[in-house]
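Residue numbers (the working numbering): 29 to 629. Beta carbons are placed, not taken as given, at the ideal position from N, Cα and C, and that holds for glycine. All values reported here derive from a predicted model rather than from experimental measurement. Notes to accompany the following structure.
The structure is reproduced here in C-alpha cells:
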C-alpha cells in the first residue's frame with residue numbers, strides 16, 4: 029500500500045483560489061487476458077450511522093455506470109458515483125474507504141482518504157476505463173477554498189491505495205500499512221483489558237458509592253484498566269453543558285476523587301477518565317475564561333452546537349489550556365488512560381482566521397492531530413481511546429493517533445455482532461473496542477454471546493458485575509482469562525478475515541477470524557436462527573488437505589450445549605450447527621492436527 033498527496037504552489041504573479049485538490053486519481057486497469065471495462069467491477073463500501081456503524085454492501089459497477097454510448101459524442105459521461113462526508117464526523121454517514129474487485133476475482137483495489145474531517149471519493153466511467161478519485165474538502169461539498177498568494181503552497185490531505193490479486197491479499201496489505209504508520213497503535217503488543225463504567229451501567233452518573241463495588245468486581249474478573257466515563261466533573265446533575273473545566277466533582281465523591289482513583293490503583297488497574305477535549309459547555313467557567321479566538325466562530329460569533337462551544341486547536345490558547353488539563357490530571361491523580369469523546373458536529377467549520385469555513389476546519393483537524401502527537405511524546409505510556417459518539421470518526425488519520433477505538437454506542441447486545449465483525453475494515457484488531465456489557469438479568473448463554481462480541485479485539489467490558497451471581501461472575505472471568513491466554517499475546521500481529529464474508533445487518537449467522545502463525549481463531553454468532561438457518565459453513569483454505577484440531581476456547585463450561593462440528597478436509601470447510609432459536613456464540617481455536625497453538629506458549 030502506498031500513500032499519496034498533492035502539493036499546489038502558486039508560481040504566478042497573482043493570487044489564486046483553490047476549490048478542490050485531488051489527492052489521487054487512477055484508472056481501474058485490467059489483468060492479462062481481459063479488457064478494460066468500467067462496468068466489470070464490484071464496489072464494496074460502508075454505510076455508517078450512530079448505533080449502526082460498519083454496514084458494508086457491494087454493488088456492481090455496471091449498475092452504477094449505465095451504457096450511454098458516450099463515444100458517439102466524443103465526450104466522457106458527466107455523472108459519477110460519489111461518496112461525500114458531511115459535518116465534522118468523518119464517518120458519520122459513510123466510510124472514506126472502499127474496495128473494487130473485478131468480476132474475474134484477479135484484481136482488488138482498496139483505497140481510502142486519510143482525513144479526520146471533510147472528504148470525498150468517487151468512481152466513474154472514463155469511457156476507456158473506470159476511474160477512482162480521492163479528495164479532502166472541496167468548495168462544492170464542504171465550503172472549502174484556499175487562497176494562495178504568489179509563492180505560497182497548499183498540500184492536500186493524504187490518500188492511500190493498494191492493488192492486489194485478491195480481496196484478502198489487498199486487506200493484508202492494508203493491515204500491514206496501518207500497523208506500520210499507526211505508530212501509537214503499534215505500542216500495544218499486549219492490549220490491556222478495559223472496564224468502562226458507562227454502557228448500560230452507570231450511564232454518566234458516577235459516585236464513590238457506585239464506583240467502589242464496581243472497581244472491586246472489575247479487578248476480580250481480570251480487568252487491567254478501569255475507566256470512569258462521563259459525569260465525574262459535574263456538580264449540577266446536568267453534565268452535558270457544564271463540560272470544559274475538567275475538575276472532579278465535589279459532591280459526587282465526598283471522600284475526594286483521589287479515594288476512587290487510589291482504589292483503582294490499589295487493585296493493580298490503570299485509572300482512566302472520559303473527556304471531550306474539543307468542546308467547552310456553555311455553562312462551564314472556561315467558556316468565559318478563554319477568549320473568543322480560542323473557539324470556532326462564524327461571522328464573528330462563537331458557534332454553539334447543542335450547548336457546546338468548539339475549541340479551535342489552531343490557536344495557542346486552546347492547545348495550552350488542554351495541555352494544562354492533561355498535565356494536571358496526570359500529575360495529581362496518575363491517570364494513565366483517557367477516553368476522548370466527540371459528541372457534536374458543528375457544520376462546515378470556522379471562518380475565523382481562515383479563507384473559508386472548510387479551510388478553518390481543515391486547519392483545526394490537522395492541529396488536533398499535531399496536539400495528539402505532542403501528547404504522546406510527553407507521555408509515551410499514556411493510552412488514548414478515540415470515541416466520537418461511538419464510531420463517528422473512524423477514518424485512518426484519526427484512528428492512527430489512538431491505541432483504542434470505540435466502535436459504537438449500540439446498547440442492544442443482539443445488534444452489536446455485525447458491527448463487531450465488520451469493524452476491522454476500519455481498524456486493526458488490537459485497537460478495536462467492541463462493547464460487552466453483561467447484566468445480571470441475562471442467562472449464561474446470553475452473557476457468553478455478549479462477551480464474545482469483544483473477544484477478537486481489545487477486550488472492553490461494562491455491566492453491573494457486582495450485582496451478578498457467582499456463576500455469572502465466573503463466566504466473565506473465564507472470558508477474560510481466555511482472552512489473555514489465546515488472544516492478547518497474538519492479536520497485535522494477527523490478520524482478520526471473514527470466512528462467511530462481511531455480514532448484513534440482519535444476518536442470522538456471522539463469523540470473524542484472526543489468522544496467525546499456523547493457527548486460526550474464529551468467533552461465530554447465531555442470532556435466533558430457525559432450523560434452516562442454523563447450519564454454518566466456514567471455508568478455511570489455509571488448512572486445505574490437512575486434518576485440524578478444533579477447540580472451543582469460550583465458553584467452555586459443561587453447562588453450555590456443544591455445537592456440532594464437522595471438518596470437510598477435501599474442501600477445507602468447517603461445518604457447524606448452532607442451536608436453533610437462541611442467541612448463542614462460540615470462539616474456536618483451529619490448528620493443524622498435532623500442532624500446538626502459539627497462543628498457548
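When DSSP labels each residue in this structure, what does residue 331 get in the three-state scheme? Residue state, collapsed to three classes: coil.
Candidates 269, 320, 243: closest to residue 295 by CA position: If we check each option's Cα against that of residue 295, 243 comes out closest.
Buried/exposed call for residue 426, threshold 16 Cβ in 10 Å: Its Cβ being crowded by 16 or more others within 10 Å, residue 426 is buried.
Taking the alpha helix (DSSP H) that residue 538 falls in, what are its first and last residues? Boundaries for residue 538: no alpha helix (DSSP H) harbours it, while the beta strand (DSSP E) harbouring it runs 537-544, taken from the DSSP string.
Run the CB neighbour count on residue 618, radius 10 Å, all protein chains shown included, and call it buried at 16 or more, exposed below. It is buried - the Cβ of residue 618 has at least 16 other Cβ atoms within 10 Å.
Between which two residues does the alpha helix (DSSP H) containing residue 394 stretch? Its alpha helix (DSSP H) spans residues 385-406.
Measuring alpha carbon to alpha carbon, tell me which residue in 310, 367, 215, 360 is nearest residue 339. Of 310, 367, 215, 360, the residue nearest in Cα terms is 310.
Between the stretch 300-308 and the stretch 368-382, can you find at least three pairs of beta-carbon atoms closer than 8 angstroms? Taking 8 angstroms as the limit for Cβ pairs, the verdict is that the stretch 300-308 does touch the stretch 368-382.
Taking the alpha-carbon positions, what's the residue 252 to residue 288 distance? Distance between residue 252 and residue 288, taken at the CA atoms: about 16 angstroms.
In this structure, what does DSSP give as the bridge partners for residue 413? In DSSP, residue 413 forms a bridge with 367, 432.
Taking residue 203 as the reference, which of 67, 609, 460, 561 has the closest Cα? When each option's Cα is compared against that of residue 203, the closest is 460.
For the alpha helix (DSSP H) containing residue 238, list its first residue and its last residue. Counting along the chain, the unbroken alpha helix (DSSP H) around residue 238 starts and ends at 236-249.
Which word fits residue 39, buried or exposed, when buried means at least 16 other C-beta atoms lie within 10 angstroms of its C-beta? By the neighbour-count rule (16 or more Cβ atoms within 10 Å), residue 39 is not buried but exposed.
Straight-line gap, residue 391 to residue 432 (C-alpha atoms, nearest Å): Distance between the alpha carbons of residue 391 and residue 432: 24 angstroms.
What residue range is occupied by the uninterrupted beta strand (DSSP E) comprising residue 649? The question about residue 649 has no answer here: the residues shown for the chain are numbered 29 through 629.
Contacting residues, own chain, Cβ-Cβ under 8 angstroms from residue 213 (five flanking each side not counted): Around residue 213: 206, 207, 427, 428, 430, 431, 456, 458, 459.
Cβ-based burial, residue 156 [other Cβ within 10 Å; buried from 16]: That one is exposed.
Residue 524 and residue 540 - do their beta-carbons sit closer together than 8 angstroms? Closer than 8 angstroms, so yes.
Is the stretch 379-394 touching the stretch 326-342, taking contact as three or more C-beta pairs under 8 angstroms? At 8 angstroms Cβ cutoff, the stretches touch.
Would a C-beta distance cut-off of 8 angstroms place residue 235 and residue 175 closer than the cut-off? Contact flag unset, no.
Let me know the secondary structure DSSP gives residue 227 once reduced to three states. The answer is helix: DSSP assigns residue 227 an H, G or I state.
Which residue wins for smallest C-alpha separation from residue 331, given the options 373, 351, 452, 345? The residue with the shortest Cα to Cα distance from residue 331 is 373.
Among the residues of its own chain, which have a CB less than 8 angstroms from the CB of residue 229, if the five just before and after it don't count? If we look at residue 229 and ignore the five residues flanking it on each side, its Cβ neighbours are 242, 465, 490, 491, 492.
In whole angstroms, what separates the C-alpha of residue 283 from that of residue 260? Across the structure, residue 283 and residue 260 are spaced so that their CA atoms are roughly 14 angstroms apart.
Quick one: give me the first and last residue of the alpha helix (DSSP H) that residue 636 is part of. Residue 636 falls outside the range modelled here, since the chain spans only 29 to 629, and no answer is possible.
Cα-Cα separation, residue 273 to residue 400: C-alpha separation (whole angstroms): 19 angstroms.
Indicate the three-state DSSP secondary structure (helix, strand or coil) for residue 563 in the structure shown. Correct three-state label for residue 563: strand.
Output yes or no for whether 8 angstroms exceeds the beta carbon distance between residue 255 and residue 307. No, Cβ-Cβ distance for residue 255 and residue 307 is not below 8 angstroms.
Residue 189 vs residue 164 beta-carbon contact at 8 angstroms: No, the Cβ-Cβ distance between residue 189 and residue 164 is not below 8 angstroms.
Look up residue 511 in the DSSP assignment and say whether it is helix, strand or coil. Look at residue 511 here: in three-state DSSP terms it is helix.
By a C-beta neighbour count over all protein chains shown, 10 Å radius and 16 as the cutoff for buried, is residue 439 buried or exposed? So residue 439 counts as exposed.
Cut-off 6 angstroms between Cβ atoms - residues of its own chain near residue 363, not counting five sequence neighbours on either side: The residues 299, 301, 357, in chain order, have a CB closer than 6 angstroms to that of residue 363 in the same chain once the five nearest residues on each side in sequence are set aside.
Just to confirm, are residue 140 and residue 424 a CB contact at a threshold of 8 angstroms? Yes, the Cβ-Cβ distance between residue 140 and residue 424 is below 8 angstroms.
Straight-line Cα distance separating residue 594 from residue 117: For residue 117 and residue 594, the gap between their C-alpha atoms comes out near 45 angstroms.
DSSP state of residue 5 mapped onto helix, strand, coil: One cannot answer for residue 5 here, as it falls past the ends of the chain, which runs 29 to 629.
Segment contact, 8 angstroms Cβ cut-off, at least three pairs: the stretch 349-356 with the stretch 90-110: Flag = no, the stretch 349-356 and the stretch 90-110 do not touch.
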